[in-house]
DNA sequence: AGGTATACGTACCGATCGGTAACATTGTCA
DNA sequence: TGACAATGTTACCGATCGGTACGTATACCT
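Chains as they are written, first to last, in this note's numbering: chain A, 20 to 224; chain B, 20 to 224.
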């Protein structure tokens with residue numbers, strides 16, 4: 020007897036290699052659960068239950084829970100740089116305005132109810148052991164962030180570009196953490212303004 | 020860097036109720052394990068094993084694992100403010116120097132091998148749900164930190180004291196996180212310098 | 001239609017999770 | 001010596017953990 024299935028939501032065009040539908044549902048649910056409540060806090064049983072699939076389906080698409088977590092972070096990484104590039108593209112040739120746009124957006128996100136910080140940062144805290152699949156993705160994301168911020172500090176003409184780039188990174192990470200610690204009205208809402216003050220103080224005179 | 024176990028720390032005089040020795044051993048071991056590897060990652064079995072005690076002993080001194088975690092954080096909180104007050108006491112009447120001393124110390128700690136960030140911050144990331152015993156202690160610690168930093172920003176004569184205080188908090192939290200993410204040579208080593216730049220840019224002219 | 005590869009479900013595994021019951025042993029101080 | 005509190009011992013609980021063996025349904029391609 021045909022139970023009422025969920026709404027068909029095939030995004031892929033007809034010609035691409037048809038990926039298992041279950042894998043996408045699983046990853047979508049895992050993304051949401053891992054981000055909101057933490058990776059260690061979520062068991063695979065809850066994921067498959069909420070996704071409307073069964074456990075063997077999960078393990079056919081993902082070798083392990085750790086690798087599923089890494090997949091979640093890889094998708095997070097992709098969306099992260101999309102947001103970053105949007106801020107960059109909005110102000111061509113003006114790195115200071117690019118930073119300001121990116122941080123203003125972060126500041127706004129941190130003021131949303133139930134804000135849970137950066138999935139990358141959180142994963143690194145949850146998995147301190149080097150070499151863990153989730154941590155590897157997280158570390159790569161952060162190193163790339165540092166590289167970009169330092170490059171933008173150079174482009175801004177800072178006296179000490181590496182220090183300014185690192186200072187911006189500290190402010191950003193601080194915003195991610197304090198956003199989920201303080202909620203509305205917390206320190207994270209000042210990240211763009213503080214960054215601008217720091218930039219101003221770091222430019223060549 | 021946590022436990023300094025040599026120092027005898029009997030607070031009670033001879034008449035007070037003699038505290039169980041097992042409780043101290045358990046808390047010491049839990050402190051070390053929770054801090055280094057995370058609270059969720061450590062089971063009570065490993066704690067009692069490393070402490071050389073048995074599980075019933077743990078549950079005679081602590082109502083639950085969550086409360087043991089909260090006890091760990093309460094001790095962390097105590098030691099945290101001791102370090103803070105040391106930096107303050109070293110520069111009486113000079114809040115800017117106090118901040119600099121505190122952040123220089125943080126910057127140094129972040130460059131130690133196996134640095135694991137702030138136990139408070141990590142606990143808040145591990146337990147996002149409001150009302151969790153561990154999170155309650157963590158949030159109280161962070162609110163107190165914000166209060167002190169803002170008060171010091173006032174004492175420094177900042178144009179916008181709340182913004183500067185919050186900016187310093189962002190830098191500090193960023194140092195805690197990036198310290199454990201990047202290890203040696205990471206952005207956290209610049210926290211004192213960046214804070215000083217931010218302070219300079221925030222003072223009344 | 002028929003075969004075949006692929007996706008999926010049922011049922012189960014051993015290990016570990018946090019936590020407890022009941023009782024034996026110890027150390028301390030009056 | 002007696003009494004009492006603290007600790008140890010052993011065995012156990014139900015729940016959940018991540019992961020899998022194996023049979024069944026479905027889609028596609030001649």
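By construction, the Cβ of each residue, glycine as well, lies at the ideal position given by its N, Cα and C atoms.
Residue 52/B is not a Cβ neighbour of residue 143/A, given a cutoff of 8 Å. If you draw a 10 Å sphere on the C-beta of residue 102/A, you find fewer than 16 other C-beta atoms in it, and that means exposed. Annotation note: the region 131 to 208 of chain B contains the following uninterrupted alpha helix (DSSP H) runs of length 4 or greater, listed N- to C-terminal: 138 to 145, 152 to 174 and 180 to 201. Within the region 43 to 67 of chain B, contact with chain A at the beta-carbon level (separation under 8 Å) is assigned to 55, 56, 57, 59 and 60. Within the region 185 to 197 of chain A, those residues whose Cβ lies closer than 8 Å to any Cβ of chain B are, in chain order, 185, 186, 188, 189, 190, 191, 192, 193, 194, 195, 196 and 197. As computed with DSSP, residue 77/A is found in no beta bridge at all. For the pair residue 179/B and residue 221/B, the Cα-to-Cα distance works out to about 7 Å.
Going by C-alpha positions, residue 172/B is about 16 Å away from residue 161/B. A residue is called buried when at least 16 other Cβ atoms come within 10 angstroms of its Cβ; residue 114/A meets this threshold and is buried.
Counted as a single uninterrupted DSSP element, the alpha helix (DSSP H) harbouring residue 126/A occupies residues 114 to 129. The alpha-carbon separation between residue 182/A and residue 65/B amounts to approximately 42 Å.
Residue 139/A holds the alpha-carbon nearest to the alpha-carbon of residue 196/B among 152/A, 139/A and 215/A. CA-CA distance, residue 81/A to residue 87/A, rounds to 6 Å. Residue pairing of residue 222/B in beta bridges, as defined by DSSP: 177/B. Going by C-alpha positions, residue 192/B is about 24 Å away from residue 61/B. Interface with chain A (8 Å Cβ-Cβ cutoff): residue 201/B is included. Taking the Cα positions, residue 56/B is about 11 Å away from residue 149/A. In the structure shown, residue 49/A falls within a helical segment according to DSSP collapsed to helix, strand and coil. Residue-level contact check: residue 206/B touches chain A, since one or more beta carbons of chain A fall below 8 Å from its beta carbon. Within the model, the alpha-carbon separation for residue 91/A versus residue 112/B is close to 50 Å. Legend: CB atoms of the region 139 to 167 of chain B lying less than 7 Å from CB atoms of chain A belong to residues 140, 141, 143, 144, 145, 147, 158, 161 and 165. Excluding sequence positions up to five before and after residue 165/B, its CB lies within less than 6 Å of the CB of 188, all in the same chain and listed in chain order. The alpha-carbon separation between residue 190/B and residue 74/A amounts to approximately 43 Å.
By a beta-carbon distance limit of 8 Å, residue 117/B contacts residue 106/B. Their separation comes to about 6 Å. Annotation for residue 59/B: no alpha helix (DSSP H) segment contains it, and DSSP assigns it neither H nor E. Against chain A, the CB of residue 170/B has no partner CB under 8 Å away; the residue lies outside that interface.
A Cβ-Cβ separation of about 5 Å places residue 217/A in contact with residue 217/B under the 8 Å criterion.
Only residues of its own chain outside the window of five on either side were considered, and among them 145 have a CB closer than 6 Å to the CB of residue 59/B, listed in chain order.
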